[in-house]
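So the structure is just underneath, and the comments pick up after that.
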Amino acid sequence: MKSLLMLTKFYPYGNGEAFIENEIEVLSKKFEKIVIIACEVDNKEERVRKVPNNVKAYKVISKQKKIQTIIDGIVGIKKIFNMSNEMKNEINYCDNILKKLFLLYFEQKSNRIFSQIEQQDFFRDIKSEEFVLYSYWLFTTAKVGVNLKKVLNNNIKYSFCRAHRYDLYEEKNSLKYLPYRSLLLKNYDSIFPCSNDGVEYLKNKYSDYSNKIKVSFLGTLDNGLSKYSDDNIFRIVSCSRLEPVKRVNRIVEALSLIDITDKMIEWTHIGGGREFDTIKKLIDKKIKNKNIKINLLGNVPNKDVINFYKNSKVDLFINVSSSEGLPVSIMESISFGIPVIATNVGGTSEIVIDGVDGYLLSSNFENRELAKLIIKIIKAKESEEYNNMRMQSRELWEKRFQAENNYENLCSFINLKVMDR
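For the sequence shown, counting from 1, position 348 maps to 399 in this note's numbering; every step adds exactly one.
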């Protein structure tokens, strides 16, 4: 295949969307030329990650997030009397004023981003040829892609869009609403949720587009197996943004309930966010006079996360989010053969099989339930059961979440679709 135009939020700028780093390596071997347009880059962001030689990246610059959101909201409201036909149709699905205001904001944000792309001619490298259009999210980038199709439709050989969590499950949005669902599903040739749970969700809600919806798992690279502790320390890792949806505070609460004197527990959390100080204060309050050591590493580049697993002993990975798509952080941990405790939300049960490579908690679990499972694995650590769990973790990763396999399968599928046209 010759050319690909990919719409992201941040990648390759800053630290966001680290999981694309694995995918771009495969895509760059399947396409002669790739153009990435990062649609939501903060104007102060100067960091750029290395990309393959045949990849060119452009960024749409935004003001600081809160300021840009306010501006887009105000401008959007001003345009209420100058709505497009597609927006007039969409506003009929908004059954309260907050949803209508959100739609106006969303429309303005999408249009602002597209206007910058058009004004700066970011697609100049491929607009004279046929190309494949790829939106990484079923949200703003997807709507930008729809706008792009209006001016370059004759050049677009095929279009597809991924769907993850916040851009997929409407009930998880605070307004219980995501704009332009039908419009986006109609305008893309294929929609690829990252989990079977996401596929079933979309098919059930939008059955008219069932033939377009197909699972495409994300994946991680093979970096071998990690070591596990052979001393008197039990090492736990979690890796996520420190945001309310990730519920990292619940890990602190569960650890505070554990009273083990014959073994030390060391918990390392990788990731920063707006709850960093809150979590730190909770640790100072709850983990007193405990045989527990805690490391909060803050934001860490993905390559350093992988190096951490390569060079550190890790006995257990924990993810207790209230909502998920299918977590790449768990893919990374099981690729190293690390057992997992996770909440049964989104597509997590497709990567954590209860009693096989770890244990599942209900989404509304109690802290003592998490504490009991941690203790269970600590006690089982010297047993054949624990060794089997590590082996099953690695085998499940090899079967479902190996990056090269998954992304090559995606490219093969797209190539067949392109050839059929």
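Using N, Cα and C, we set each Cβ at its ideal position, and we do this for glycine too. Small disclaimer: the values here were computed from a predicted structure and weren't measured.
For residue i, which residues does DSSP report across the bridge?
i: residue 515; result: Because the chain here runs from 52 to 472, residue 515 falls outside it and cannot be looked at.
i: residue 303; result: For residue 303, which the question treats as bridged, DSSP gives no partner whatsoever.
i: residue 453; result: 271
i: residue 186; result: 58, 212
i: residue 414; result: Looking at the DSSP assignment, residue 414 forms no beta bridge with any residue, so it has no partner.
i: residue 244; result: 214
i: residue 89; result: 59, 110
i: residue 81; result: Beta-bridge pairing links residue 81 to no other residue.
i: residue 393; result: 370, 411
i: residue 228; result: Beta-bridge pairing links residue 228 to no other residue.
i: residue 278; result: 364
i: residue 99; result: 64
i: residue 405; result: 409
i: residue 264; result: 242
i: residue 207; result: 182
i: residue 8; result: Limits of the chain in this structure are 52 at one end and 472 at the other, which puts residue 8 out of reach.
Using the C-alpha atoms, what's the distance from residue j back to residue i?
i: residue 295; j: residue 322; result: 13 Å
i: residue 254; j: residue 264; result: 7 Å
i: residue 252; j: residue 220; result: 8 Å
i: residue 426; j: residue 244; result: 35 Å
i: residue 281; j: residue 365; result: 10 Å
i: residue 173; j: residue 77; result: 23 Å
i: residue 483; j: residue 313; result: For residue 483 there is no data in the structure shown, the boundaries of the chain being 52 and 472.
i: residue 125; j: residue 70; result: 33 Å
i: residue 360; j: residue 388; result: 10 Å
i: residue 420; j: residue 394; result: 11 Å
i: residue 358; j: residue 154; result: 42 Å
i: residue 170; j: residue 90; result: 14 Å
i: residue 68; j: residue 283; result: 36 Å
i: residue 186; j: residue 311; result: 49 Å
i: residue 446; j: residue 368; result: 16 Å
i: residue 205; j: residue 140; result: 25 Å
i: residue 246; j: residue 379; result: 11 Å
i: residue 260; j: residue 237; result: 7 Å
i: residue 362; j: residue 136; result: 56 Å
i: residue 449; j: residue 248; result: 20 Å
i: residue 329; j: residue 83; result: 47 Å
i: residue 384; j: residue 410; result: 14 Å
i: residue 156; j: residue 144; result: 15 Å
i: residue 53; j: residue 74; result: 17 Å
i: residue 413; j: residue 325; result: 25 Å
i: residue 353; j: residue 347; result: 16 Å
i: residue 332; j: residue 118; result: 29 Å
i: residue 213; j: residue 431; result: 39 Å
i: residue 297; j: residue 374; result: 8 Å
i: residue 209; j: residue 467; result: 11 Å
i: residue 122; j: residue 232; result: 24 Å
i: residue 177; j: residue 86; result: 8 Å
i: residue 396; j: residue 133; result: 41 Å
i: residue 460; j: residue 404; result: 24 Å
i: residue 104; j: residue 195; result: 26 Å
i: residue 223; j: residue 81; result: 35 Å
Just reading off the alpha helix (DSSP H) that residue i is part of, what are its end residues?
i: residue 335; result: 327-337
i: residue 165; result: 148-170
i: residue 118; result: 116-129
i: residue 360; result: 353-362
i: residue 472; result: Neither: residue 472 is in no alpha helix (DSSP H) and is coded neither H nor E.
i: residue 381; result: 379-386
i: residue 136; result: 136-142
i: residue 200; result: 191-203
I'd like the span of the beta strand (DSSP E) that includes residue i, first residue to last.
i: residue 109; result: 106-113
i: residue 370; result: 367-370
| request: Please determine if the segment 137-153 and the segment 171-183 are in contact, where contact requires at least 3 C-beta pairs separated by less than 8 Å. | output: no
| query | How do the segment 317-335 and the segment 273-292 stand: do at least 3 beta-carbon pairs fall below 8 Å, yes or no? | reply | yes
| request: Could you tell me whether the segment 450-460 touches the segment 270-286, where touching means 3 or more Cβ pairs closer than 8 Å? | output: yes
| said: Below 8 Å, how does it come out for the segment 185-205 and the segment 156-169: are there three or more Cβ pairs, yes or no? | reply: By the criterion of at least three beta-carbon pairs nearer than 8 Å, the segment 185-205 is in contact with the segment 156-169.
| request: Kindly confirm or deny that the segment 81-96 and the segment 58-65 touch, where touching means at least three C-beta pairs closer than 8 Å. | output: yes
| request: Check whether the segment 298-310 touches the segment 334-351, taking contact to mean three or more Cβ pairs, one atom from each stretch, closer than 8 Å. | output: yes
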